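Q:
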Ligand code: ATP
Ligand code: MG
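Residue numbers (our numbering): 36 to 457.
1) If you follow the alpha helix (DSSP H) that residue 373 is part of, which residue opens it and which one closes it?
2) May I ask you to report which of helix, strand or coil DSSP gives residue 112?
3) Does the region 287-304 come close enough to the region 189-207 that 3 or more CB-CB pairs lie under 8 Å?
4) Return the residue from the list 210, 258, 215 that minimises the CA-CA distance to residue 238.
5) For the region 322-338 against the region 150-163, do three or more pairs of beta-carbon atoms, one drawn from each stretch, fall closer than 8 Å, so that the two count as touching?
6) I'd like the list of long-range same chain contacts for residue 269, defined as Cβ closer than 6 Å, with 5 residues on each side in sequence excluded.
7) If residue 191 sits next to residue 240, beta carbons under 8 Å apart, how far is it from one beta carbon to the other, in whole angstroms?
8) State the DSSP-derived secondary structure class of residue 198, mapped to helix, strand or coil.
9) Quick check: what's the CA-CA separation for residue 362 versus residue 60?
10) Using only the heavy atoms of ligand 1, determine whether one of them is closer than 6 Å to the beta carbon of residue 155.
11) If we call anything under 7 Å between Cβ atoms a contact, is residue 308 one with residue 343?
12) Give the DSSP-derived three-state secondary structure of residue 500 in the structure shown.
13) In angstroms with no decimal places, state the Cα-to-Cα distance between residue 80 and residue 156.
14) Taking only heavy atoms of ligand 1 into account, decide whether any of them is closer than 6 Å to the Cβ of residue 173.
15) Quick one: residues in its chain with C-beta nearer than 7 Å to the C-beta of residue 16, no 5 flanking neighbours on either side, listed in chain order?
16) Residues in its own chain within less than 8 Å of residue 354 by CB, not counting five upstream and five downstream?
17) Taking C-beta to C-beta, are residue 365 and residue 401 nearer than 7 Å?
18) Per the contact definition of three or more C-beta pairs closer than 8 Å, is the region 133-150 in contact with the region 61-69?
19) Does the region 145-155 come into contact with the region 102-120, if we say contact requires no fewer than three beta-carbon pairs (one atom in each stretch) closer than 8 Å?
20) For residue 440, tell me which candidate among 455, 420, 434, 454 has the shortest Cα-Cα distance.
21) Kindly indicate which three-state DSSP category residue 440 falls into: helix, strand or coil?
22) So, residue 367 versus residue 380, is the Cβ gap smaller than 7 Å?
23) Are the beta-carbon atoms belonging to residue 234 and residue 91 less than 7 Å from one another?
24) Terminal residues of the continuous beta strand (DSSP E) containing residue 84?
25) Quick check on the burial criterion: 16 or more other C-beta atoms within 10 angstroms. Buried or exposed for residue 56?
26) Below 6 Å, is the gap between the Cβ of residue 111 and the nearest heavy atom of ligand 1?
27) Out of 360, 390, 346, 321, point me to the one whose CA is closest to residue 312's CA.
28) Run the CB neighbour count on residue 411, radius 10 Å, all protein chains shown included, and call it buried at 16 or more, exposed below.
29) Using DSSP with H/G/I as helix, E/B as strand and the rest coil, what is residue 191?
30) Identify, in the order they occur along the chain, each residue of the same chain with its Cβ nearer than 6 Å to the Cβ of residue 42, setting aside the five sequence neighbours on each side.
31) Quick check: the region 319-327 against the region 216-234, are there 3 or more CB pairs under 8 Å?
32) Would you decide whether residue 316 is buried or exposed? Buried here means 16 or more other CB atoms lie within 10 Å of its CB.
33) Skipping 5 residues on each side, what residues in its chain have a beta carbon closer than 8 Å to that of residue 45?
34) Ordered along the chain, which non-local residues of its own chain (more than five positions away) have a Cβ less than 8 Å from that of residue 359?
35) Let me make sure I understand the geometry here. Which of 106, 53, 74 has the alpha-carbon closest to that of residue 352?
36) Which of the three DSSP states, helix, strand or coil, is assigned to residue 502?
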């Protein structure tokens, strides 16, 4: 048998209600803030991620699924959602439409990583992007949306950490300070960090090697280098969040894994998530479009990892409405009854009642067992007598009561019971 590729997972029908639940909350919350869904391709030209995500990042350096297609073009499966949305924003001239532009996405993303709990090679994200607004209110709106989304899932044991990583101007001085600080330790740090030292020393702060973390802890902090504008922006973001009742703490160590961030960066972490504690991350990326060779447009957004959310929801034991199964199972005792059940099922479905019939030619007892397993609320039994009467014996599986119901009234009967006006 051919097995599933490493780092991927099946979502089986019995578990899919959990995904529907999270996706439903994501849509509901994003739309409550005026965001609309955007769908972009699963693969893009490799160049888009090299430029958009940045070539000093782990994603671009080590984690991308890249291949040549039959036309000899270098193609990459998207490792994240922001670059594709940026391309779509530019290519469709969306800056000429209603601004700010607000979009959300529910996607799978691909990174060649070492698989472990909460870290997969194909994983899923809910993300939001807001283009055109430079002010602190936009940062606060996006963070509030993230907060509302996590709360709507019933989560409570999460924390919001925010930081500012400044702009090009103030980061120059910071980079010099970092280089000065790290220079004497470089020999003891990993090969990646030595590369980062030259290309983008701030990324050394995000290193996950224990040997490097020893040094990063005492490194200079960006917050001490912010220019007046960046400082004022950060203060305003904090004010908005405080006013909105969104609790946060400032964590100067957050730099995020992607190159495109500037000013505000944030992470929602959960103690319930174990080692992969970050369930949602985001920030401002005013230079992303510029990095892609276009006119800059200020932007801010986030992405949440669905698999990590599922882990945290399980750990916090939040209640998720279970899959209720179909409303009605139509059981037939003999061949003519099965035919009647089949016809009746079509009528019920047209009337909006979900139902199943026996497709396995099983005994009545076995049909009841199946209906029970599937969580059907009603079982409508049809046999010789019922056929003659033109009525089914309908059992309510919740309380085991039964009633005779005319075939033509069955849909109405079930709809009334399900809607609670019995
Ligand atoms: P990490 O530091 O954990 O590698 P990251 O900074 O690479 O995360 P982002 O690119 O910001 O992550 O992606 C946003 C969110 O997507 C993360 O906070 C996480 O919840 C989720 N995520 C990222 N990579 C994976 C993965 N390989 N498997 C599952 N979820 C992931
Ligand atoms: Mg990562």
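Don't be surprised by glycine CBs; every beta carbon is placed ideally from N, CA and C.
As the structure is a prediction and not an experimental result, all values here were calculated from the model.
A: The short version:
1) Per DSSP, the continuous alpha helix (DSSP H) segment holding residue 373 begins and ends at 370-385.
2) In this structure, residue 112 counts as strand in the three-state DSSP scheme.
3) Contact between the region 189-207 and the region 287-304 is present, because at least three Cβ pairs lie under 8 Å.
4) Comparing Cα positions, the closest option is 210.
5) Counting Cβ pairs under 8 Å, three or more are found: they touch.
6) Within the same chain, 199 come within 6 Å of residue 269 by CB-CB distance, once the 5 residues on both sides are set aside.
7) About 29 Å separates the beta carbons of residue 191 and residue 240, which is beyond the 8 Å limit, so they are not a contact pair.
8) Reduced to three states, the DSSP call for residue 198 is strand.
9) So the two alpha carbons sit approximately 24 Å from each other.
10) Taken from the Cβ of residue 155, at least one heavy atom of ligand 1 lies inside 6 Å.
11) Between residue 308 and residue 343, the C-beta spacing is below 7 Å.
12) There is simply no residue 500 to check, as the chain begins at 36 and stops at 457 in what is shown.
13) Per the coordinates, the alpha-carbon of residue 80 lies some 19 Å from the alpha-carbon of residue 156.
14) Flag unset: Cβ of residue 173 not near ligand 1.
15) Residue 16 is absent from the structure shown; the chain starts at 36 and stops at 457.
16) Within the same chain, residue 354 has close Cβ partners 189.
17) Cβ atoms of residue 365 and residue 401: not closer than 7 Å.
18) Result yes; three or more Cβ-Cβ pairs closer than 8 Å.
19) Contact holds between the region 145-155 and the region 102-120, because three or more Cβ pairs, one in each stretch, are under 8 Å apart.
20) If we check each option's Cα against that of residue 440, 420 comes out closest.
21) Shown here, residue 440 sits in a strand according to DSSP, grouped into three states.
22) Taking 7 Å as the Cβ cut-off, residue 367 and residue 380 do not qualify as a contacting pair.
23) Contact annotation: residue 234 and residue 91 have beta-carbon atoms nearer than 7 Å.
24) Element bounds for residue 84: not the beta strand (DSSP E) but the alpha helix (DSSP H), 81-87.
25) Residue 56 counts as buried, since no fewer than 16 other beta carbons sit within 10 angstroms of its beta carbon.
26) Set against 6 Å, the gap from the CB of residue 111 to the closest heavy atom of ligand 1 is not smaller.
27) Of all alpha-carbon atoms in 360, 390, 346, 321, the one lying nearest the alpha-carbon of residue 312 is that of 346.
28) So residue 411 counts as buried.
29) For residue 191, the three-state secondary structure derived from DSSP is coil.
30) Non-local beta-carbon contacts of residue 42 in its own chain, meaning distances under 6 Å to residues more than five positions away in sequence, involve 150, 155, 156 in chain order.
31) Between the region 319-327 and the region 216-234 there are fewer than three C-beta pairs closer than 8 Å, too few to call the two in contact.
32) So residue 316 ends up on the buried side.
33) A distance below 8 Å between beta-carbons, with the five flanking residues on each side excluded, links residue 45 to the following residues of its chain, in chain order: 39.
34) Within the same chain, residue 359 has close Cβ partners 410, 412.
35) Selected option, being the one with the closest Cα: 53.
36) No answer is possible for residue 502: it lies beyond the span of the chain, which begins at 36 and ends at 457.
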